[in-house]
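Here numbering that gives the first Met the number 0 is used: the first residue of the sequence shown is 0, the next is one more, and so on. Just so it is clear, CB atoms sit at the ideal spot from N, CA and C, and this is done for glycine as well.
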Amino acid sequence: MDPSKDTSPQVRLEKITYNYPYSDAAALSDVNLELKKGEFVLLAGPSGCGKSTLVRCLNRLVPEVSGGSFSGRVLLRGKDLTHEKVHSLALEVGMVFQNPETQLFSLTVAEDLAFGPENLGLPGEEIRIRVKKVLKEVGLKGLEDHFIFTLSGGEKQRTAIGGNLAMQPEILVLDEPTSDLDPAGTGEVLELLKHLNAENRTTLILIEHKLDAVFEMVDRMLVMDEGRVILDGKPFEILCREEEKLRKLGIHPPQFTEIARFLGFFSENSSIPAYETLLKRLTELLQASEVEIHPEDLEKRESEIPAPAPQPRNTPPHVLIEQLCYRHEDGSEAFEKLNLEIKRGEFLALLGHNGAGKTTLAGHLIGFYRPASGRILLDGKDISGYSTARLSKQVGYLFQNPDSQIFTNSVFEEVCFGLENLGMPEEKIKKLADSALEMMELSAYRNRHPHALSRGQRQRLAVASILALEPDLLILDEPTTGQDRGHIRKFLDKIRKLNGLGKTVILITHDMELAAEYAERVVVMKQGKIFLDGPTAEVFSSPEELGAAGLLPPLPARLALDLRKLGIDIPRLLTVSDLKSFLKARCPELSACRPTEIEKIVEENDSGEEVSLF
Ligand SMILES: Nc1ncnc2c1ncn2[C@@H]1O[C@H](COP(=O)(O)OP(=O)(O)OP(=O)(O)O)[C@@H](O)[C@H]1O
Ligand SMILES: Nc1ncnc2c1ncn2[C@@H]1O[C@H](COP(=O)(O)OP(=O)(O)OP(=O)(O)O)[C@@H](O)[C@H]1O
0 MDPSKDTSPQ VRLEKITYNY PYSDAAALSD VNLELKKGEF VLLAGPSGCG KSTLVRCLNR
60 LVPEVSGGSF SGRVLLRGKD LTHEKVHSLA LEVGMVFQNP ETQLFSLTVA EDLAFGPENL
120 GLPGEEIRIR VKKVLKEVGL KGLEDHFIFT LSGGEKQRTA IGGNLAMQPE ILVLDEPTSD
180 LDPAGTGEVL ELLKHLNAEN RTTLILIEHK LDAVFEMVDR MLVMDEGRVI LDGKPFEILC
240 REEEKLRKLG IHPPQFTEIA RFLGFFSENS SIPAYETLLK RLTELLQASE VEIHPEDLEK
300 RESEIPAPAP QPRNTPPHVL IEQLCYRHED GSEAFEKLNL EIKRGEFLAL LGHNGAGKTT
360 LAGHLIGFYR PASGRILLDG KDISGYSTAR LSKQVGYLFQ NPDSQIFTNS VFEEVCFGLE
420 NLGMPEEKIK KLADSALEMM ELSAYRNRHP HALSRGQRQR LAVASILALE PDLLILDEPT
480 TGQDRGHIRK FLDKIRKLNG LGKTVILITH DMELAAEYAE RVVVMKQGKI FLDGPTAEVF
540 SSPEELGAAG LLPPLPARLA LDLRKLGIDI PRLLTVSDLK SFLKARCPEL SACRPTEIEK
600 IVEENDSGEE VSLF
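Structure below.
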């Protein structure tokens, strides 16, 4: 039979129920699922719902390595895997894990890419060919001899993906493979996956919280909640039809589907409209409308972003970086006379391509790096003589990888750790730790070992530990990795409130949507230099410059820019809410619509609860 016509399932999960050791709650409950060869499947669901656990059943990491109690069967091309070993499945099921560091074993990039094929016993020439091909595919050409420990987060992620591609598996599972990548890198990796899927018919299972970039290219979307698969179908249909259910789970629709739905596309047709079609609909709507624009409607949203607290006269900036020069140990230049000033109470997004120098720059503020020349001042004081321990009283630094800052044996101890180091009384420590855990929705895991949490939960734990310390300056290095949109917003809404109380926030992110929504100022780095710096709306109105730094403005900003080019009178817009408010003000037929259930949910969520901690 022609294998391309074979419609029998490649993977079949039958009644899978699984509990981790010592855990009463089932991580998977009665999961039944079939996947066909060549399918490209998106697996979504709130943090902790069981996505990673489910995919780990496919190569027997669950339960062979994880232990616990497992029932049901996993069949691969009809073969029952119950008695298979993890290593014997490596050729069939490749897996790119959430944290690339857990799967990089060698000293250099090229050695790491060769590691898998070498273990398969392939001839040297074949290995060389594969490594060369993969280096190009994952965009690491030129870095082949770089040491793994010197790579930026995004470069490590590319290496981890490349290592799997070099094995040419039949099924490739990718657990948030783009979480640390810049928008250009995300696009490249997704193109690569599309190509693998189309050309080699590799079955792909992609776990992603960032739905914007992926929903258009996958064939099928599965949504999990509490260990069960609760939705299964075409992505655009699920995202539009089930928007209410998804929002309740904390899964926010991509900006594209939200706008398309608002403009009525889904009720007319269930296929995804093109960007140009959205633009055309908006143009027609706005040209037809004769209602005057009410600028106050547009300003409403912006005014929700708290303005920085007024600076008393003659107070020094909170952060002042003067003429900073820094070289890495290998002599490569990171910064040459870099200058940056941040006022107290600013909410600044630090953006830039992978390897631009964001983490290295931010690391200088807490003493992980020391300038070769130049000065760094916090509140006017030169920090060159301060230790990292001293600086951590003023500066809360959330690492890109939460596992880098988790080192105790229980969730509660973890949050207490930093507070104890500050020498606080026990009663106060307990109170602050409890409220930090409550704020991050982790109270239920109080006594659990941190490494028995999902990645998103570990990220929230790291955030709780930092927030409990009430630092004046918060540096959040990619805090959204592994989080669902619901948790991200709750967390950033709280950070915004802290910012409103005068805390300075530096958010390092590759997520333009979040930068647009939360930051008042955007600084873009490119190859170790400050490339753009200005108010958020202004920076996101410079698509050419952003493009040169490998970034793309968020969708509402792009639509507004393109509408202006078409001669439509429209202000700068940053968020979907901005766009909706503008349209409602301008087009009475849209504003006449009663709020849908979904909009009510959004409004309820937006109204926010009180910050319990401070
Ligand atoms: N080693 C472990 N021991 C006990 N419970 C665990 C362990 N690992 C994960 N869990 C729990 O199992 C549930 C499912 O975790 P899993 O990592 O599969 O979630 P996820 O959907 O992949 O989450 P995320 O999006 O945050 O990565 C979570 O509630 C988590 O706390
Ligand atoms: N110890 C080191 N030796 C040599 N080069 C290094 C070292 N540490 C970092 N680099 C390089 O410096 C550059 C900047 O790294 P940095 O981690 O600051 O980038 P980034 O903008 O935070 O990137 P990402 O978005 O990928 O996290 C990268 O190209 C990285 O490979």
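query, result
"Close beta carbons around E609, own chain, < 8 angstroms, minus the five adjacent residues each side", "Here E609 scores only 35 on pLDDT, less than 50, and its place in the model should not be relied on; the value that follows carries that caveat. Nothing listed; no residue qualifies."
"Residue closest to T359, alpha-carbon to alpha-carbon, out of K244, P555, Q399", "Q399"
"Through-space distance from R326 to G384, alpha-carbon basis", "19 angstroms"
"Which residues DSSP lists as bridging V85, in chain order", "DSSP output for V85 lists no bridge partner at all."
"Run of the beta strand (DSSP E) containing C324, from where it starts to where it stops", "318-326"
"Per-residue burial, L466 [other beta carbons within 10 Å of its own, 16 or more giving buried]", "buried"
"Contact set for S302: own chain, Cβ-Cβ below 7 angstroms, skip 5 residues either direction", "Below a pLDDT of 50, predicted positions are generally treated as unreliable, and S302, at 42, falls in that range; no measurement from the model is reported."
"Extent of the continuous beta strand (DSSP E) to which Y396 belongs", "394-397"
"Between the CA atoms of A165 and F146 - distance to the nearest angstrom", "19 angstroms"
"Alpha carbon of Y368 to alpha carbon of H450, nearest angstrom", "28 angstroms"
"R11 versus A355 - alpha carbon distance", "43 angstroms"
"Cβ neighbour criterion (16 or more within 10 Å) applied to E516", "buried"
"Same chain, Cβ closer than 8 angstroms to L397, five either side skipped, listed in chain order", "Q404, A461, V462, I465, L473, I474, L475, D476, P478"
"Residue range of the beta strand (DSSP E) that includes T503", "503-507"
"E198: CB within 8 angstroms of a non-hydrogen atom of ligand 4", "Ligand 4 is not part of this structure, which contains only ligand 1 and ligand 2."
"8 angstroms contact criterion, which L90 and R59 should meet: CB distance rounded", "13 angstroms between Cβ atoms; not a contact."
"Cα-Cα separation, D492 to G120", "52 angstroms"
"Limits of the unbroken beta strand (DSSP E) element including K469", "The displayed chain sequence assigns Glu, not Lys, to residue 469. E469 -> no beta strand (DSSP E), and no H or E assigned at all."
"Cβ pair count under 8 angstroms reaching 3, the segment 104-114 against the segment 149-165", "yes"
"Contact test: I507 Cβ vs ligand 1 heavy atom, cutoff 8 angstroms", "no"
"Residue(s) in a DSSP beta bridge with S372", "C324"
"Chain-order list of residues whose beta-carbon lies under 8 angstroms from that of H317 (same chain, five-residue window excluded)", "I341, K342, R343, G344, E345, L377, D378, D471, L472, T503"
"Rounded straight-line distance, which links the Cα of P20 to that of V61", "11 angstroms"
"Coil, strand or helix - A518 by DSSP", "coil"
"Distance between beta carbons of G153 and D623, contact taken as under 8 angstroms", "Residue 623 is absent from the structure shown; the chain starts at 0 and stops at 613."
"Beta-carbon proximity check, V211 vs L554, cutoff 9 angstroms", "The question names Val, yet the displayed sequence has Asp at residue 211. In this structure, L554 lies closer than 9 angstroms to D211 by Cβ."
"Buried or exposed (CB count within 10 angstroms, at least 16 for buried), K336", "exposed"
"E33 in three-state terms, based on DSSP", "strand"
"Collapsed DSSP secondary structure at N498 in the structure displayed", "helix"
"Those residues which DSSP pairs with E340 across a bridge", "L319"
"Touching by the beta-carbon criterion (3+ pairs, under 8 angstroms), the segment 544-552 and the segment 525-534", "yes"
"Check: F367 C-beta below 8 angstroms from any heavy atom of ligand 2", "no"
"Cut-off 6 angstroms between Cβ atoms - residues of its own chain near A306, not counting five sequence neighbours on either side", "Residue confidence for A306 is low, a pLDDT of 49 falling below 50, so the modelled location carries little weight; the figure read from the coordinates is stated next. Cβ neighbours of A306 beyond the five flanking positions: none."
"Contacting residues, own chain, Cβ-Cβ under 7 angstroms from G607 (five flanking each side not counted)", "In this prediction, G607 has a pLDDT of 39, which is less than 50 and means its spatial position is unreliable; what the coordinates show is noted afterwards. Same-chain partners within the cutoff: D492."
"N400 in three-state terms, based on DSSP", "coil"
"DSSP bridge partner residues for S70 (one or two, in chain order)", "T16"
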